[in-house]
Amino acid sequence: MQSPAPPPPNPASAPTHDPTESSAPPEPCDPPEPSEPPEPDGLATGGENDAARRRRRAQFLRDLNEAKELRDRVQPRRARAARMRQAMRMRTFRW
């Protein structure tokens, strides 16, 4: 009596070549470690860190204002309603 033939290879278990892989060495994904450890509460203390934070904040605020202007252009009814609500708030505010 003959032994049964081995089962065909499973395509899921076969090694495949990933087209995203290249022969170049992988790029480091982590930035270099800073010379000083960060503060325990996560606040930046150096002048460079403060300047970088201000730059990031200014860029964020520019992007935010641009997004608000775009929303006002594409949704004029909502923008008008928001202006009316703000005007009502300003009229009813007690100095």
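All residue numbers for the sequence shown refer to this note's numbering, where the first residue is 643 and numbers rise by one.
We put the CB at the ideal spot given by N, CA and C, even for glycine.
Run of the alpha helix (DSSP H) containing residue i, from where it starts to where it stops
| i | result |
| --- | --- |
| F744 | Nothing can be reported for residue 744: it is not among the residues displayed for the chain, which extend from 643 to 737. |
Inter-residue Cα distance where the pair is residue i and residue j
| i | j | result |
| --- | --- | --- |
| A729 | R720 | 14 angstroms |
| D705 | R727 | 24 angstroms |
| A693 | F702 | 14 angstroms |
| A723 | R696 | 33 angstroms |
| T734 | A700 | 32 angstroms |
| Q717 | R731 | 21 angstroms |
| R736 | A709 | 31 angstroms |
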